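J.: Quick one: this structure, given as structure tokens, is what I'll be asking you about.
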Amino acid sequence: MHDLVIRNALLLDGLRSPPRRGDLAVKDGKIVEIGKTASPGKQTIEADGLALMPGIIDNHTHYDAQITWDPWLSPSPALGVTTAVIGNCGFTIAPCRPADRERVMRNLTQVEGMSLEALRAGIRWEFESVPQYFDMLERRGAALNVAAFVGHSSVRTYVMGEAATQRVATDSEVSQMRTLVLEGMHAGAVGFSTSTSPAHNGEGGLPMPSRLADEKELRALVGCLKEAGRGVFMLTKGGHTRISFLEDLASDSTRPVVIAALLHSSTNPDAVFKDLEEIRNANARGRRLVGAVSCCPLSMNFTLRSPYTLEGLESWQPALGKKGSEFTRILSSSEFRETIRLELSRPAHFRLFNGEWDKVEVAESKRKEMEQKSVAQLARAAAKDPLDFMLDLALEEDLDTVFNALLLNSDEAAVGRMLRDPCALVSLSDAGAHLTFFNDAGFGLHLLGHWVRERRLLSLEEAAWRLSGQPAHVFGIRGRGALKPGHAADLLLFDPARVGRGPRKRVFDLPAGQPRLTVEALGVHGVWVNGVALEQGGRLPGRMLRDFSA
Ligand SMILES: [Zn+2]
Numbered sequence: 003m004h005d006l007v008i009r010n011a012l013l014l015d016g017l018r019s020p021p022r023r024g025d026l027a028v029k030d031g032k033i034v035e036i037g038k039t040a041s042p043g044k045q046t047i048e049a050d051g052l053a054l055m056p057g058i059i060d061n062h063t064h065y066d067a068q069i070t071w072d073p074w075l076s077p078s079p080a081l082g083v084t085t086a087v088i089g090n091c092g093f094t095i096a097p098c099r100p101a102d103r104e105r106v107m108r109n110l111t112q113v114e115g116m117s118l119e120a121l122r123a124g125i126r127w128e129f130e131s132v133p134q135y136f137d138m139l140e141r142r143g144a145a146l147n148v149a150a151f152v153g154h155s156s157v158r159t160y161v162m163g164e165a166a167t168q169r170v171a172t173d174s175e176v177s178q179m180r181t182l183v184l185e186g187m188h189a190g191a192v193g194f195s196t197s198t199s200p201a202h203n204g205e206g207g208l209p210m211p212s213r214l215a216d217e218k219e220l221r222a223l224v225g226c227l228k229e230a231g232r233g234v235f236m237l238t239k240g241g242h243t244r245i246s247f248l249e250d251l252a253s254d255s256t257r258p259v260v261i262a263a264l265l266h267s268s269t270n271p272d273a274v275f276k277d278l279e280e281i282r283n284a285n286a287r288g289r290r291l292v293g294a295v296s297c298c299p300l301s302m303n304f305t306l307r308s309p310y311t312l313e314g315l316e317s318w319q320p321a322l323g324k325k326g327s328e329f330t331r332i333l334s335s336s337e338f339r340e341t342i343r344l345e346l347s348r349p350a351h352f353r354l355f356n357g358e359w360d361k362v363e364v365a366e367s368k369r370k371e372m373e374q375k376s377v378a379q380l381a382r383a384a385a386k387d388p389l390d391f392m393l394d395l396a397l398e399e400d401l402d403t404v405f406n407a408l409l410l411n412s413d414e415a416a417v418g419r420m421l422r423d424p425c426a427l428v429s430l431s432d433a434g435a436h437l438t439f440f441n442d443a444g445f446g447l448h449l450l451g452h453w454v455r456e457r458r459l460l461s462l463e464e465a466a467w468r469l470s471g472q473p474a475h476v477f478g479i480r481g482r483g484a485l486k487p488g489h490a491a492d493l494l495l496f497d498p499a500r501v502g503r504g505p506r507k508r509v510f511d512l513p514a515g516q517p518r519l520t521v522e523a524l525g526v527h528g529v530w531v532n533g534v535a536l537e538q539g540g541r542l543p544g545r546m547l548r549d550f551s552a
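In short: position in the sequence shown from 1, add 2, done, that's our numbering.
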């Protein structure tokens with residue numbers, strides 16, 4: 003007898019086959035039959051035409067810290083995700099010596115917007131090395147299947163200590179890093195991740211360690227993947243990192259390269275298309291490069307106390323890491339403001355904030371009449387420059403004013419074009435990070451609701467492939483990402499007429515009562531991981547994935 007039979011569903015196999023009506027049967031966590039099932043199940047669900055697809059594989063998350071106190075990886079499971087790839091951008095928490103814990107937490111607070119109080123109260127430090135970290139995750143279990151990168155910044159900090167954020171590495175240090183990357187790969191990491199992005203700053207405004215690496219170091223570390231014979235190289239690139247260099251790395255290492263973060267900027271509208279074109283050309287030469295794109299508009303809530311939105315600007319550097327009266331003095335300085343205006347007036351290849359003041363809103367202010375109005379509009383009414391207006395308002399309100407900026411991916415025609423690119427990978431949820439700035443953990447439901455139903459840009463079967471089959475293929479996640487007999491029963495049952503994500507909500511459920519933004523799922527009727535229905539407080543059916551074919 004089967005454990006579970008889902009009857010009369012619209013089956014989307016995750017491999018782009020045309021949808022068809024049929025049944026699916028599960029036994030011992032695996033799909034055993036698909037199509038017409040004669041024998042009954044211990045549990046039978048009448049799907050009545052709801053869509054059934056492989057669970058969403060979220061390939062860009064930052065759950066590395068959260069998973070140690072919240073094995074439920076909230077809110078991803080409720081949003082249809084069944085597998086999460088952690089450790090993106092090189093920001094892992096292993097390896098880590100006890101003496102470096104505080105430094106690592108402070109860096110995460112700055113770079114990924116995780117509350118320091120929550121990290122201090124929450125992280126279980128039952129490990130030092132990558133293999134020990136993986137063993138801990140396996141022992142403690144998780145709601146989702148988890149694949150993890152070896153992260154460059156952690157490896158660099160482990161070898162170089164404080165110097166990791168200050169200088170290039172010596173040959174001997176690089177060779178120690180190689181040993182650690184190989185150790186992680188042998189323990190079952192999905193690959194090696196790094197960042198060269200100027201938006202990635204750690205404690206005190208210092209660049210995250212990986213940003214200090216020269217090309218030689220990157221070549222040596224990516225070379226470990228060749229030696230290991232498998233693994234994906236993932237990086238979040240700064241504008242100065244050329245795709246041709248990444249193609250070289252792909253060619254030397256013979257490994258796939260995932261290039262983040264390709265987001266569309268209205269002020270430099272061609273940049274991502276040039277990147278995608280170069281990526282396509284590299285594929286034509288036989289390299290395996292994919293561009294990580296997002297299907298969500300990138301909008302961030304922020305206060306001037308922690309303005310991630312602005313911290314990637316060169317001209318913001320004098321204020322980075324400053325506190326108290328020194329910080330407010332800098333914000334008030336007309337010279338400081340002038341350099342920001344100058345930088346924003348110049349084009350950039352990739353920049354989070356591009357001076358689009360009509361897309362920056364006052365979200366929460368003591369002066370209620372300002373809320374939901376744009377800074378451009380309010381500044382005009384006050385006959386002020388918009389940057390002056392925003393900084394003055396924030397200073398008046400002790401930096402408590404909450405702004406919301408629609409930063410990137412706001413041009414729907416452009417985003418639609420990116421989503422259809424054959425070399426694009428739908429990605430960049432950043433789940434587990436930037437907890438008070440935004441929450442795109444529901445990106446998959448947004449793809450199905452907005453881009454399939456509302457915009458008719460993709461068919462249901464293409465969207466299912468983008469969310470499951472394609473990432474399983476890119477990352478070599480064996481036996482998942484498709485509705486096929488013998489594959490794991492990672493399943494998402496949803497109503498195509500209602501599927502989507504609700505509005506962002508602020509909740510205070512992190513360790514030490516810290517806040518985060520969350521979203522609700524719309525139109526989701528069931529999520530199963532390895533054949534087990536996900537219910538908060540129930541079993542933790544996820545597996546630590548350590549065996550990949552890519
Ligand atoms: Zn990231």
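Don't be surprised by glycine CBs; every beta carbon is placed ideally from N, CA and C.
This one's a predicted model, so the numbers in the text were calculated from it and none came from an experiment.
Compute the Euclidean distance between the alpha carbons of Ala189 and Pro133, then round it to the nearest angstrom.
T.: Reading the sequence shown from its first residue, position 187 is the one you call residue 189. Reading the sequence shown from its first residue, position 131 is the one you call residue 133. The straight-line gap from Cα to Cα measures roughly 5 angstroms.
J.: Relative to the C-alpha of Glu279, which candidate in Leu291, Trp71 and Asp173 has its C-alpha closest?
T.: The residue given as residue 279 occupies position 277 in the sequence shown. With distances taken between Cα atoms, Glu279 lies closest to Leu291.
J.: Any idea which residues DSSP pairs Ala53 with across the strands?
T.: Walking along the sequence shown from the start, residue 53 turns up at place 51. Answer by DSSP bridge pairing, in chain order: Leu12 and Phe496.
J.: Based on the DSSP secondary-structure assignment, which residues constitute the bridge partners of Glu48?
T.: Here residue 48 corresponds to residue number 46 of the sequence shown, with the count starting at 1. In DSSP, Glu48 forms a bridge with Arg9.
J.: What's the C-alpha gap between Thr150 and Arg419?
T.: For this step, residue 150 is matched to residue 148 along the sequence shown. For this step, residue 419 is matched to residue 417 along the sequence shown. For the record, residue 150 in the displayed sequence is Ala; it is not Thr. Computed Cα separation, rounded: 30 angstroms.
J.: State the Cα-Cα distance for the pair Gly31 and Leu447, rounded to the nearest angstrom.
T.: Against the sequence shown, residue 31 aligns to sequence position 29. Against the sequence shown, residue 447 aligns to sequence position 445. Their Cα atoms are separated by approximately 24 angstroms.
J.: Between which two residues does the alpha helix (DSSP H) containing Asp137 stretch?
T.: Residue numbering aside, residue 137 sits at position 135 when the sequence shown is read from its first letter. Taken as a continuous stretch (DSSP letters only), the alpha helix (DSSP H) holding Asp137 covers Val132 to Arg142.
J.: For Gly528 and Asp216, I'd like the C-alpha separation in whole angstroms.
T.: By one-based count along the sequence shown, residue 528 stands at place 526. By one-based count along the sequence shown, residue 216 stands at place 214. In a straight line, the C-alpha of Gly528 is about 47 angstroms away from that of Asp216.
J.: Nearest to Ile281 by CA position, among Arg307, Glu185, Arg457 and Pro424, is which residue?
T.: Here residue 281 is taken as the residue at index 279 of the sequence shown, counted from 1. For Ile281, the nearest C-alpha among the options comes from Pro424.
J.: Check Val170 in the structure and name its three-state DSSP category.
T.: As a working note, residue 170 is residue 168 in the sequence shown. Val170 falls in the coil class under three-state DSSP.
J.: Determine which residues share a DSSP beta bridge with Met236 and list them.
T.: For the purposes of this step, residue 236 is identified with residue 234 of the sequence shown, where counting begins at 1. According to DSSP, which records beta bridges pairwise, Met236 is partnered with Ser195 and Val260.
J.: Does the Cβ of Arg213 have 16 or more other Cβ atoms within 10 Å, making it buried, or fewer, making it exposed?
T.: By one-based count along the sequence shown, residue 213 stands at place 211. Buried, by the Cβ-count rule.
J.: Under 6 angstroms Cβ to Cβ from Gly323, same chain only, skipping five residues before and after it: list those, please.
T.: Mapped onto the sequence shown, residue 323 falls at position 321. Excluding sequence neighbours, Gly323 sits near Gly206 and Gly207.
J.: Name the two residues that bound the continuous alpha helix (DSSP H) containing Asn283.
T.: Taking the sequence shown and counting its residues from 1, one reaches residue 283 at position 281. Counting along the chain, Asn283 sits inside the alpha helix (DSSP H) bounded by residues Ala273 to Ala286.
J.: So what does DSSP say about Gly434, is it helix, strand or coil?
T.: Counting from one through the sequence shown, the residue named residue 434 turns up at place 432. Coil, per DSSP.
J.: Return the chain-ordered ranges of every alpha helix (DSSP H) run that is complete within the stretch 404 to 474 and spans a minimum of 4 residues.
T.: Restricting attention to alpha helix (DSSP H) runs no shorter than 4 residues, the stretch 404 to 474 encloses them at 414 to 422, 445 to 448 and 462 to 466, ordered along the chain.
J.: Give a yes or no on whether the C-beta atoms belonging to Glu463 and Pro21 are separated by under 8 angstroms.
T.: Taking the first residue of the sequence shown as position 1, residue 463 is located at position 461. Taking the first residue of the sequence shown as position 1, residue 21 is located at position 19. Yes, the pair counts as a contact, with Cβ atoms nearer than the cut-off.
J.: Looking only at C-alpha atoms, which of Ala535, Leu542 and Ser551 sits nearest to Val7?
T.: Sequence index remark: in the sequence shown, residue 7 carries index 5 (1-based). Val7 has its Cα closest to that of Ala535, out of Ala535, Leu542 and Ser551.
J.: Nearest CA to the CA of Asp394: which residue from Ile33, Val377 and Gly471?
T.: Residue numbering aside, residue 394 sits at position 392 when the sequence shown is read from its first letter. Here the closest residue by C-alpha is Val377.
J.: Quick check on the DSSP output: the beta strand (DSSP E) that includes Arg23 runs from which residue to which?
T.: For the purposes of this step, residue 23 is taken as the residue at position 21 of the sequence shown. Start and end: Arg22 to Lys29.
J.: Please enumerate, following chain order, all residues with a beta carbon closer than 7 angstroms to at least one heavy atom belonging to ligand 1.
T.: His62, His64, Asn90, Cys91, Phe93, Thr238, Ala262, Asp432 and Ala435
J.: Skipping 5 residues on each side, what residues in its chain have a beta carbon closer than 8 angstroms to that of Val44?
T.: Within the sequence shown, the letter at position 42 stands for residue 44. It is Lys, not Val, that sits at residue 44 in the sequence shown. Excluding sequence neighbours, Lys44 sits near Met3, His4, Asp5 and Leu6.
J.: Taking the alpha helix (DSSP H) that Asn303 belongs to, which residues open and close that run?
T.: As a first step, residue 303 is located in the sequence shown; it is residue number 301 there, counting from the start. Unbroken run through Asn303 is the beta strand (DSSP E), Leu300 to Phe304; no alpha helix (DSSP H).
J.: In angstroms, rounded to a whole number, what distance separates the CA positions of Asp112 and Ala443?
T.: Locating residue 112 in the sequence shown gives position 110, counting from the first residue. Locating residue 443 in the sequence shown gives position 441, counting from the first residue. Going by the sequence as given, residue 112 is Gln instead of Asp. If you take the alpha carbons of Gln112 and Ala443, they lie about 20 angstroms apart.
J.: What do you reckon, are the CB atoms on Trp74 and Ala191 nearer than 8 angstroms?
T.: As a first step, residue 74 is located in the sequence shown; it is residue number 72 there, counting from the start. As a first step, residue 191 is located in the sequence shown; it is residue number 189 there, counting from the start. No, Cβ-Cβ distance for Trp74 and Ala191 is not below 8 angstroms.
J.: Within a Cβ cutoff of 8 angstroms, which residues of the same chain sit near Leu344, ignoring the five residues on either side of it in sequence?
T.: Position 342 of the sequence shown, counted from the first residue, corresponds to residue 344. Around Leu344: Ser317.
J.: Ignore the nearest five residues each way along the sequence and tell me which others in Ala466's own chain have a CB closer than 6 angstroms to its CB.
T.: If you number the sequence shown from 1, residue 466 lands on position 464. The answer, listed in chain order, is Leu14, Gly16 and Met55.
J.: My assumption, with CB atoms under 8 angstroms, is that Leu410 sits in contact with Leu306. Please give the rounded CB distance.
T.: Your numbering for residue 410 matches position 408 in the sequence shown. Your numbering for residue 306 matches position 304 in the sequence shown. Going by Cβ atoms, the distance from Leu410 to Leu306 rounds to 20 angstroms, so no, they are not a contact pair.
J.: Less than 8 angstroms separating the beta-carbons of Gly502 and Gly483?
T.: To locate residue 502, count along the sequence shown from 1; it is residue 500. To locate residue 483, count along the sequence shown from 1; it is residue 481. No, Cβ-Cβ distance for Gly502 and Gly483 is not below 8 angstroms.
J.: Give the straight-line distance between the Cα atoms of Phe550 and Val224, rounded to the nearest whole angstrom.
T.: Translated into positions along the sequence shown, residue 550 becomes position 548. Translated into positions along the sequence shown, residue 224 becomes position 222. Their Cα atoms are separated by approximately 17 angstroms.
J.: On a Cα-Cα basis, can you pick out the residue from Trp71, Ala53 and Met392 that is closest to Gly434?
T.: As a working mapping, residue 434 is identified with position 432 in the sequence shown. Distance check between Gly434 and each of Trp71, Ala53 and Met392 places Trp71 closest, using alpha-carbon atoms only.
J.: Under DSSP, the beta strand (DSSP E) around Leu395 begins and ends at which residues?
T.: Locating residue 395 in the sequence shown gives position 393, counting from the first residue. Where Leu395 is concerned, there is no enclosing beta strand (DSSP E), although the alpha helix (DSSP H) it sits in stretches over Pro388 to Glu398.
J.: By DSSP, does Pro209 sit in helix, in strand, or in coil?
T.: Locating residue 209 in the sequence shown gives position 207, counting from the first residue. The three-state reading of DSSP puts Pro209 in strand, counting E and B together.
J.: Got a sec? Which residues, its chain only, sit under 7 angstroms from Ser19 by beta carbon, not counting five neighbours each side?
T.: Against the sequence shown, residue 19 aligns to sequence position 17. Cβ neighbours of Ser19 beyond the five flanking positions: Glu463.
J.: Does Gly504 pass the burial test, meaning 16 or more other C-beta atoms within 10 Å, or should it be called exposed?
T.: Indexing the sequence shown from 1 puts residue 504 at position 502. Here Gly504 is exposed, its C-beta having fewer than 16 other C-beta atoms within 10 Å.
J.: When burial is assigned at 16 or more other CB atoms within 10 Å of the CB, is Gly24 buried or exposed?
T.: Here residue 24 is taken as the residue at index 22 of the sequence shown, counted from 1. It counts as buried.
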